[in-house]
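**Q** Take this structure first; my questions come after.
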Amino acid sequence: MVIIMDFSALQAVREKNPLIHCITNYVTVNDCANILLACGASPIMAEDVHEMEEIASAASGLLINIGTITEDKLESILLAGKTANENSRPVILDPVGAGATAFRLGIVKEILQSIHIDVIKGNSAEICALVNENERTAHGVDAGESVRSLSETTDVAAMLCRDTGAVVMVTGETDIITDGSKAIYVKNGHPFLSKITGSGCMLGALTAAYYGAQPSLEAAASAAVCMGYAGELAYARMTEKHGGSGTFRVFLIDAVNQMTAEMLERGAKLDV
Amino acid sequence: MVIIMDFSALQAVREKNPLIHCITNYVTVNDCANILLACGASPIMAEDVHEMEEIASAASGLLINIGTITEDKLESILLAGKTANENSRPVILDPVGAGATAFRLGIVKEILQSIHIDVIKGNSAEICALVNENERTAHGVDAGESVRSLSETTDVAAMLCRDTGAVVMVTGETDIITDGSKAIYVKNGHPFLSKITGSGCMLGALTAAYYGAQPSLEAAASAAVCMGYAGELAYARMTEKHGGSGTFRVFLIDAVNQMTAEMLERGAKLDV
Amino acid sequence: MVIIMDFSALQAVREKNPLIHCITNYVTVNDCANILLACGASPIMAEDVHEMEEIASAASGLLINIGTITEDKLESILLAGKTANENSRPVILDPVGAGATAFRLGIVKEILQSIHIDVIKGNSAEICALVNENERTAHGVDAGESVRSLSETTDVAAMLCRDTGAVVMVTGETDIITDGSKAIYVKNGHPFLSKITGSGCMLGALTAAYYGAQPSLEAAASAAVCMGYAGELAYARMTEKHGGSGTFRVFLIDAVNQMTAEMLERGAKLDV
């Protein structure tokens, strides 16, 4: 079966140059800024509570990444999110490590209760941790369970869609992007993406850019295709002399920078 | 007309290895540290108020960059600046986003009222935002106005020189470096510099190194030539395989690392 | 004399994939994360006091790097360290700039009094600053003294071993790794390592990975050989076109990523 998907979000980013307000972690913040510039968007990192309203209302989208979250940033996150909501700017949440500590899960739940999130992107452990306790019991969903079929993970993601009204992206060997009724499966990617820091955070930023320029399920899925396919291209460019994870990271950003909608169409490995 | 400029600041940095104390943003802090090392200076990043006096007095220069400023850092900035002033160490200010929010403008005004700044480097919007309100009205300077001729921008920069006693560098397609009486125009650069994060911050750091080693208008202008020409060289080195913004960033740091005064003389595109 | 050293820690990291909890500085945090992934370990950066116990007990080792330390992080560091101690997880301390300010020395002394440290890694100035005041006077050790023979530095390091019960690594042209009774000297390395930021911090992270997977003097020494030899390999790969400090940094991470125990055996320059 040939699956037709609309990759026009890539071009929409290049044309609209959306400004993405990022409140993110200090490990990969430079990577996030560079991937946003590479794809045609513009980053602005800001987190003092006194400028959240001005910046969040000026931006085309808000990325919240809790990778090195501390309690004192929560007030800024909530104010930026509230402002983005009021101005109909999409909010993308990357709940890094939500399944790892009670503190992070608590932070994410407070965010989800206070702000409407448009896209939640996480790995299977993170997404499962966020699903409503009652539903999890009712459906036997156990966040601690590490092996779950693609179909089961899709069900969990769909629950989170219903709980939150968000598009949910679950990353893994196959990425799942769903709005609760329709699901797109993206099989692009390369194991080397896990040998550098920031692959996941950069996908969150890319999703904010694509969704900020064109708020649709296919835009979010396009971001997943772009990052995964860029990983494949980066790996293919490596040689004996220019090999290793340092080079891979450089080639990955190059590939996102050079990507076109035609390349995505040609390279996408999709399923529905 | 042949313009003769003194590029000896580059060699002075290599010989004196100035230690630059940086209080900067977490997005591009790694880039700033690497560009300082690449040009022959040494970086020290420190921001706890308890060590500001020891570090600022030991360093050859202080770089203040407000890229991700939060209110709690202001005390450290002011103490470091005061210490640098008392010890006759040059202070370089990069007022990132000063025109974007009232909070940032307020922070910068408090800095300018409390510390003598030796060099202020910013883009046109940032520099215009800093010009004294009264003068702005008197001269019809409107920070919100986006199109301003080179001559008008030079006038605004000169006002800021008079307000503050600082050398002012306005970055753009043509960089303006002025002390209020003399202006040097630098036409080096490449559009690709805007496809990576940190170009502007790295120029601020480079200016701190050059000015820290040799406090003069020409030293500041040399830093602008160096960064712009390095961008040209980095772009020229790109190939189909080693192209894209990831590679450009690597080549940019390489070019600053390999730059010589002779290369600056040959590559400089100047106007006065 | 042929020195036989056991480099199996490299393979142990690849097999065990140790999770290293890092509380580190924001200048080189991205480099630390990437070097951990490059060598086969996994990084987790976290610093909110509310999640220190969960994360430090889940991790295989804790890295404390005070490169941009602020007072408000001390509580988290002490709690993470105490948790690591209670769970018999090794703690690696990188006392960046301990000799530079009274504030940093005070922080490090408080850490050493509160936590058992397994490995302390620093340059000569940092290590000498940590040696107990009384012993320093008794043995005439002067932290301010910049020229000290290898044998004298080994004596200072051995004092710190006795004071703290830690393995001590003193970096320099020759690295010294000692537990107070045995000393291993590592002569690998390249001057270019000082032209990029993060060489020292990355060695601290690598040591945490190696020692986390295999807690032994030889594991710590293997990390020093790996970083030094990777620097030699990275330099050797440079060409006119791919030269400069930007490229060196990429090749350095590549070399750590591609390193094998056989390469370490072949490349090690050791003395005892």
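Chains as they are written, first to last, in my numbering: chain A, 324 to 595; chain B, 324 to 595; chain C, 324 to 595. Glycine residues also receive a C-beta, built at the ideal position from the N, C-alpha and C atoms.
Which value, in whole angstroms, describes the spacing of the CA atoms of residue 452(A) and residue 494(A)?
**A** Answer to the nearest angstrom: the Cα atoms are 14 Å apart.
**Q** For residue 391(B), which of 404(B), 405(B), 431(B) and 362(B) has the nearest alpha-carbon?
**A** Comparing Cα positions, the closest option is 431(B).
**Q** Report the rounded CA-to-CA distance for residue 511(B) versus residue 454(B), giving the unit in angstroms.
**A** Roughly 26 Å between the two C-alpha positions.
**Q** Within the stretch 495 to 529 of chain A, note down every full beta strand (DSSP E) run reaching 3 residues or more, in order along the chain.
**A** The stretch 495 to 529 of chain A contains these whole beta strand (DSSP E) runs: 498 to 501 and 506 to 509.
**Q** Shortest alpha-carbon distance to residue 424(A) belongs to which of 378(C), 427(C), 438(C) and 409(C)?
**A** With distances taken between Cα atoms, residue 424(A) lies closest to 378(C).
**Q** Looking at the unbroken alpha helix (DSSP H) that takes in residue 444(B), where does it start and where does it end?
**A** Residue 444(B) -> not in any alpha helix (DSSP H); beta strand (DSSP E) instead, spanning 442 to 446.
**Q** On the DSSP letters alone, give me the boundaries of the beta strand (DSSP E) that residue 595(B) sits inside.
**A** Here residue 595(B) belongs to no beta strand (DSSP E), and DSSP marks it neither H nor E.
**Q** Alpha carbon to alpha carbon, what distance is there between residue 555(C) and residue 565(A)?
**A** When rounded, the distance between both Cα atoms is 16 Å.
**Q** Under 7 Å between beta-carbons, which chain B residues line up against residue 330(C)? List them in chain order, please.
**A** Per Cβ cutoff of 7 Å: no residues; residue 330(C) is ~30 Å from chain B at best.
**Q** Would you mind listing the beta strand (DSSP E) stretches within the stretch 334 to 403 of chain C that are 3+ residues and don't spill past its ends, in chain order?
**A** Correct list: 342 to 346, 365 to 368 and 384 to 388.
**Q** Which residues mark the beginning and the end of the beta strand (DSSP E) in which residue 417(A) is found?
**A** Residue 417(A) -> beta strand (DSSP E) spans 414 to 417.
**Q** Return the CA-CA distance between residue 385(B) and residue 367(B), expressed in angstroms with no decimal places.
**A** So the alpha carbons of these two residues sit roughly 10 Å apart.
**Q** How do the stretch 535 to 550 of chain C and the stretch 370 to 377 of chain C stand: do at least 3 beta-carbon pairs fall below 8 Å, yes or no?
**A** Verdict: no, contact absent.
**Q** Would you mind sorting residue 403(C) into buried or exposed? The rule is 16 or more other CB atoms within 10 Å of its CB.
**A** Answer is buried; the Cβ neighbour count reaches 16.
**Q** For residue 521(B), which residues of its own chain have a beta-carbon under 7 Å away from its beta-carbon, when the five flanking residues on both sides are left out?
**A** The residues are 351 and 354.
**Q** Alpha carbon to alpha carbon, how far is residue 486(B) from residue 616(B)? Give it in angstroms, no decimals.
**A** Not covered by the structure: residue 616(B). The range shown for chain B is 324 to 595.
**Q** Please state whether DSSP places residue 586(C) in a helix, a strand or coil.
**A** Note: residue 586(C) maps to helix in three-state DSSP.
**Q** Expressed to the nearest angstrom, what Euclidean distance is found between the alpha-carbon atoms of residue 396(A) and residue 370(A)?
**A** Taking the straight line from one Cα to the other gives about 7 Å.
**Q** Look up residue 491(B) in the DSSP assignment and give the residues it is bridged to.
**A** According to DSSP, which records beta bridges pairwise, residue 491(B) is partnered with 443(B) and 501(B).
**Q** The stretch 518 to 536 of chain A: which residues have C-beta closer than 8 Å to a C-beta of chain C, in chain order?
**A** Residues passing the 8 Å Cβ filter: 518, 519, 520 and 521.
**Q** May I ask you to report which of helix, strand or coil DSSP gives residue 328(A)?
**A** It is coil, neither helix nor strand.
**Q** Please report the straight-line C-alpha distance between residue 389(B) and residue 334(C), rounded to a whole angstrom.
**A** If you take the alpha carbons of residue 389(B) and residue 334(C), they lie about 44 Å apart.
**Q** By alpha-carbon positions, which one of 411(B), 483(B) and 496(B) ends up nearest to residue 548(B)?
**A** When each option's Cα is compared against that of residue 548(B), the closest is 496(B).
**Q** Starting from residue 573(A), trace the alpha helix (DSSP H) in both directions and tell me its first and last residue.
**A** Segment 567 to 581, the alpha helix (DSSP H) holding residue 573(A).
**Q** How about residue 416(C) and residue 387(C): do their beta carbons lie closer than 7 Å?
**A** Yes, the pair counts as a contact, with Cβ atoms nearer than the cut-off.
**Q** Run through chain C and tell me which residues come within less than 7 Å of residue 426(A), C-beta to C-beta.
**A** Residues of chain C passing the Cβ test: 371, 373 and 374.
**Q** In the structure shown, what three-state DSSP assignment does residue 563(C) receive?
**A** DSSP places residue 563(C) in coil when its eight states are reduced to three.
**Q** In whole angstroms, give me the CA-to-CA distance for residue 568(A) and residue 568(C).
**A** If you take the alpha carbons of residue 568(A) and residue 568(C), they lie about 17 Å apart.
**Q** Terminal residues of the continuous alpha helix (DSSP H) containing residue 411(C)?
**A** That residue, residue 411(C), is in no alpha helix (DSSP H); it is neither H nor E in DSSP.
**Q** Return helix, strand or coil for residue 476(C), following the three-state DSSP convention.
**A** Helix at residue 476(C).
**Q** Taking the C-alpha atoms as reference points, what is the distance between residue 591(A) and residue 581(A)?
**A** Roughly 16 Å between the two C-alpha positions.
**Q** Given residue 594(A), which residues of its chain have a CB within under 6 Å of its CB, disregarding the five upstream and five downstream residues?
**A** Excluding sequence neighbours, residue 594(A) sits near 508.
**Q** What does the alpha-carbon distance come out to for the pair residue 534(B) and residue 349(C)?
**A** If I take the Cα positions, the gap works out to 25 Å.
**Q** Could you tell me whether the Cβ of residue 350(C) comes closer than 7 Å to any Cβ of chain B?
**A** Taking Cβ atoms only, chain B reaches closer than 7 Å to residue 350(C), which makes this a yes.
**Q** Can you tell me where the alpha helix (DSSP H) holding residue 427(B) begins and where it ends?
**A** 425 to 437 is the span of the alpha helix (DSSP H), which, as asked, contains residue 427(B).
**Q** Find the residues of chain C that neighbour residue 573(A), judging by a C-beta separation of less than 7 Å, and give them in chain order.
**A** Result: 573.
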